[in-house]
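For this note's numbering, add 121 to where a residue sits in the sequence shown, where the first one is 1.
As structure tokens, the structure follows; a few thoughts come after it.
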Amino acid sequence: MLDAALLLHDVSTEEKWCVISDAVNAIFKKSLSKYSFQQVHHSVFQMCQTQRSGTLFDLLHHALSKEVTIIREQLLTSTDSALLQDLETQWEDFSAALRRISDALFYLDKNYTNNQKTISQMGESLFYAGVLKNEVISNTFVSSVRQSLEFGFASQKSLKCLTSKLRELYRDTIFEPLVERPLLEVLTAKYKGEMELKLDSLDVDGYLTWALTTVGQVQSDVSKLVGDSMDQAVRQHMRGLLIKENTQKLLYSCSGGGSTMVRKMNSASLGRLADALVTVGETDALLEMLISTTKAVGCELLSEVENEDPVAAVGKVLTLRNNLQQLVEKLPGALRGDKPPIVRALAEIVNECPDFSTKLAYYYDVKARSRGTHDSMDQVAADTFSLYRLLRSKESFEQTFKLLLAARLINCKPNDSLVHEIIFVEHLRSECGDSVANHLDVMIKDGRMRTEINRGFLSSLSPDVQLPLSFDVTVITAGVWPIYPGFEINLPECMQQCVSLFQAYYIPHHNGRVLSFHTGCGTICFTLNHKEVYELAAPTSFVNTILCFQSCGGIDEPLTVKDICNKTKMIETDVLPQLEALVNTGLISNVPSGGLSRFIFNKHFAHHRTKLRIGNVGGNRTVKASAEVRVTQVASETTHAESIQAVLMQIVKRNKTLSHGEMFTQVAEALKGSRITPVMAHIKQNLEILINKGLISRGSRPDIYVYEA
Numbered sequence: 122m123l124d125a126a127l128l129l130h131d132v133s134t135e136e137k138w139c140v141i142s143d144a145v146n147a148i149f150k151k152s153l154s155k156y157s158f159q160q161v162h163h164s165v166f167q168m169c170q171t172q173r174s175g176t177l178f179d180l181l182h183h184a185l186s187k188e189v190t191i192i193r194e195q196l197l198t199s200t201d202s203a204l205l206q207d208l209e210t211q212w213e214d215f216s217a218a219l220r221r222i223s224d225a226l227f228y229l230d231k232n233y234t235n236n237q238k239t240i241s242q243m244g245e246s247l248f249y250a251g252v253l254k255n256e257v258i259s260n261t262f263v264s265s266v267r268q269s270l271e272f273g274f275a276s277q278k279s280l281k282c283l284t285s286k287l288r289e290l291y292r293d294t295i296f297e298p299l300v301e302r303p304l305l306e307v308l309t310a311k312y313k314g315e316m317e318l319k320l321d322s323l324d325v326d327g328y329l330t331w332a333l334t335t336v337g338q339v340q341s342d343v344s345k346l347v348g349d350s351m352d353q354a355v356r357q358h359m360r361g362l363l364i365k366e367n368t369q370k371l372l373y374s375c376s377g378g379g380s381t382m383v384r385k386m387n388s389a390s391l392g393r394l395a396d397a398l399v400t401v402g403e404t405d406a407l408l409e410m411l412i413s414t415t416k417a418v419g420c421e422l423l424s425e426v427e428n429e430d431p432v433a434a435v436g437k438v439l440t441l442r443n444n445l446q447q448l449v450e451k452l453p454g455a456l457r458g459d460k461p462p463i464v465r466a467l468a469e470i471v472n473e474c475p476d477f478s479t480k481l482a483y484y485y486d487v488k489a490r491s492r493g494t495h496d497s498m499d500q501v502a503a504d505t506f507s508l509y510r511l512l513r514s515k516e517s518f519e520q521t522f523k524l525l526l527a528a529r530l531i532n533c534k535p536n537d538s539l540v541h542e543i544i545f546v547e548h549l550r551s552e553c554g555d556s557v558a559n560h561l562d563v564m565i566k567d568g569r570m571r572t573e574i575n576r577g578f579l580s581s582l583s584p585d586v587q588l589p590l591s592f593d594v595t596v597i598t599a600g601v602w603p604i605y606p607g608f609e610i611n612l613p614e615c616m617q618q619c620v621s622l623f624q625a626y627y628i629p630h631h632n633g634r635v636l637s638f639h640t641g642c643g644t645i646c647f648t649l650n651h652k653e654v655y656e657l658a659a660p661t662s663f664v665n666t667i668l669c670f671q672s673c674g675g676i677d678e679p680l681t682v683k684d685i686c687n688k689t690k691m692i693e694t695d696v697l698p699q700l701e702a703l704v705n706t707g708l709i710s711n712v713p714s715g716g717l718s719r720f721i722f723n724k725h726f727a728h729h730r731t732k733l734r735i736g737n738v739g740g741n742r743t744v745k746a747s748a749e750v751r752v753t754q755v756a757s758e759t760t761h762a763e764s765i766q767a768v769l770m771q772i773v774k775r776n777k778t779l780s781h782g783e784m785f786t787q788v789a790e791a792l793k794g795s796r797i798t799p800v801m802a803h804i805k806q807n808l809e810i811l812i813n814k815g816l817i818s819r820g821s822r823p824d825i826y827v828y829e830a
């Protein structure tokens, strides 16, 4: 009926289709056609040339559909045990027939298409829809697959052939729902009970041995049935069943679990467990266990760190780090990386110690002052940075390190190479960038330039100019070095003369720089002639206080604090700490009279050492003290900064444009009488803050500021 309708009583086309259909039927029946290949080819050629290719495709589609229907009906009569073999045979025969038909009708197949499909593709689509998607055949197929793992399964070869073809052609629609999913369900039912027994009877190491062996055996068994097409799926499913679903048990509750492995430093077993868990995507759970357990182990070891001196405290942390590092050496690469989980846990531990970053800075300072060998200092730097990287907030370390470095630079000898400081700063640059390292570079450069600057200064003096005293200057860059507390004193005339001479030499050589002498961190040296000759070194701020007790051959009278304040032009709060330091040294004595403290030079002074140093006090505290009070200074520094910024804005708004020197003078005048004594560094830093806020801008020259708000 359909053939006749398609031919539309076209006698010529009907004759040609008779030749072609006879050949097609002969191929399906595996018999010989009564027409030769040339006749078949000629018929196809003529239909195509007369624009009958569409008709020919429709006729062929009808013929293939009838053949698929015949195959389906035959398979529906197959027994359950014979279905797989019959399906394999029918499908292979049908596919082979399609190839032969394509060869016989190659002119049509090569030059024309029907819905963008070749003859073979058209036939396979019909087979898929009419046979493979048939509900009865599909259900029988699934039943056979479920029985395939049973002993004595007879259709193993057919199943292997069919599954390979199904995975290649119809993975999503046929292979996964009819082959893969049923097989995996059978595996789950078969091994779940055995898994529970093994978890109860074996420790984690033994269980992993059984689980991994079972995964390999099951994978081999399934490969024999369906080939290697399901290797990955079976491996993933079995590892998920035996390992992934038991992650928490393997890490914590099972005998010899991951937590126990960490506590016992059992790196071999931990590495094996880690490999298994990472493979099933449980890296996060493993990391959580490693971190939590390591923190528990580490807390006990680090409990005494808070009360240890910096070198001992940091040394204990380094020992802990080394022990834990050995534990993670056998872990998968994904768990090691630049910041292994155990080191991450150690980071949490050291960050719970509030002053650890400060201790770390002191640790390096002590080692640097010891001037060890090049190799030993390289190791100290490496150890320091390994812990520095663990700190969440690095500001405290950087501030303390800067204070300690400043002290080393100011007190270092002219021939010190500072090579270790330079190398350390370069390492610091790679860790935290230029913002911190550039300041330290400038500080080191200032320290190294000291000898050259003083040599140039002395050589610049004319022969008729003699310095009244030995004068050595360290020029530090404002805004870069630590901000030392301001200390206003009137220097003795001899010192002022030295200052003036140095300014006359330095400023012309460094055009644009503003030079101010910081009396809060310098050192003044005296010669004490009293029975023996003593060399006395004290902070520069002590100069006027010490000179109060200089004997000029007259009668020495005790001085009250008020007398000393009048002579030195200093306030009482600055004088008292200095007097205390001099009394403690034994240079002066406190002889109370009339309810007042009175001080006089100690004529009985004697000391077993001829070189004495008075400790820094008051406004010129030691670096260590400065670091210790740094936290309490932050609040007051913030308040001072806000006050300075407010004054700066008032001045620049009033003047619109003014130079740096004018700015400094007006700020100092505005703050006179307040408790704030700004130095150049304070003003410079707060100017930069206002510039960054867009409230002030620089003028035509770097030292000119313009109001913008």
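Glycine is no exception: its CB is placed at the ideal position from the N, C-alpha and C atoms.
Model, not experiment: these values are computed from the prediction.
Length of the line joining the Cα atoms of residue i and residue j
i      : j      : result
Ser780 : Lys683 : 39 Å
Phe215 : Ile240 : 12 Å
Leu407 : Ala434 : 30 Å
Leu549 : Gln771 : 39 Å
Val563 : Ile543 : 11 Å
Arg510 : Ala658 : 40 Å
Ser514 : Pro453 : 29 Å
Tyr605 : Asn387 : 52 Å
Asp430 : Gly436 : 10 Å
Gly815 : Thr505 : 39 Å
Cys646 : Ala599 : 25 Å
Ser264 : Leu329 : 33 Å
Tyr312 : Ile364 : 12 Å
Asn650 : Leu733 : 13 Å
Lys745 : Phe518 : Only weak support exists for where Lys745 lies, its pLDDT of 38 falling under 50; the value from the coordinates is given anyway. Lys745 and Phe518: Cα-Cα distance of roughly 13 Å.
Ser174 : Gly244 : 17 Å
Glu516 : Thr479 : 10 Å
Asp143 : Leu287 : 31 Å
Leu769 : Asn807 : 8 Å
Gly419 : Glu609 : 50 Å
Pro660 : Ile735 : 7 Å
Ile258 : Val161 : 36 Å
Cβ-Cβ distance between residue i and residue j below 8 Å
i      : j      : result
Ser581 : Tyr626 : yes
Met359 : Val336 : yes
Met410 : Gly361 : no
Thr414 : Val464 : no
Leu204 : Phe262 : yes
Ile192 : Val145 : no
Val773 : Tyr826 : yes
Leu346 : Ile295 : no
Leu208 : Leu247 : no
Cys619 : Leu588 : yes
Gly392 : Asp326 : no
Lys385 : Ile470 : no
Leu590 : Cys615 : yes
Gln211 : Leu197 : no
Any non-hydrogen atom of the ligand FMN within 7 Å of residue i CB
i      : result
Leu445 : For the structure depicted, the ligand FMN is absent and the ligand set is empty, with no information on it obtainable.
Per DSSP, cross-strand counterpart(s) of residue i
i      : result
Thr644 : Pro660
Ser734 : According to the sequence displayed, residue 734 carries Arg and not Ser. Partner(s): Ala658.
Leu622 : In DSSP, Leu622 forms no bridge with anything.
Arg550 : For Arg550, which the question treats as bridged, DSSP gives no partner whatsoever.
Leu452 : According to DSSP, which records beta bridges pairwise, Leu452 is partnered with nothing at all.
Val827 : Thr778, Ser818
Length-filtered (4 minimum) alpha helix (DSSP H) runs lying within the region 200-259: DSSP assignment within the region 200-259 yields the following whole alpha helix (DSSP H) runs of 4 residues or more, N-terminal first: 204-225, 227-232, 240-248.
Restricting to runs no shorter than 4 residues, where is the alpha helix (DSSP H) found entirely within the region 282-365? Complete alpha helix (DSSP H) runs here, min 4: 302-322, 325-347, 352-363.
Could I get the ranges of all uninterrupted alpha helix (DSSP H) runs contained in the region 462-510, with 4 residues as the minimum, in chain order? At a cut-off of 4 residues, the continuous stretches assigned as alpha helix (DSSP H) that sit fully inside the region 462-510 are 462-472, 477-491, 495-509.
Would the region 631-639 and the region 706-714 be scored as touching if the rule is three or more Cβ pairs under 8 Å? The region 631-639 vs the region 706-714: no contact.
Of all the beta strand (DSSP E) runs that stay within the bounds of the region 648-732, which reach a length of 3 or more residues? If we require 3 residues or more, the beta strand (DSSP E) runs fully inside the region 648-732 come out as 653-660, 709-711, 719-722.
Can you find at least 3 beta carbon pairs, one from the region 500-513 and one from the region 481-490, that sit closer than 8 Å? With the cut-off at 8 Å, the region 500-513 and the region 481-490 touch.
For the 8 Å Cβ check, are there 3 or more pairs between the region 559-578 and the region 519-533? The region 519-533 and the region 559-578 touch, with three or more beta-carbon pairs separated by less than 8 Å.
Contained alpha helix (DSSP H) runs [length at least 4] in the region 139-208, N- to C-terminal order: Listed in chain order, the alpha helix (DSSP H) elements of length 4 or more contained wholly in the region 139-208 are 158-170, 174-197.
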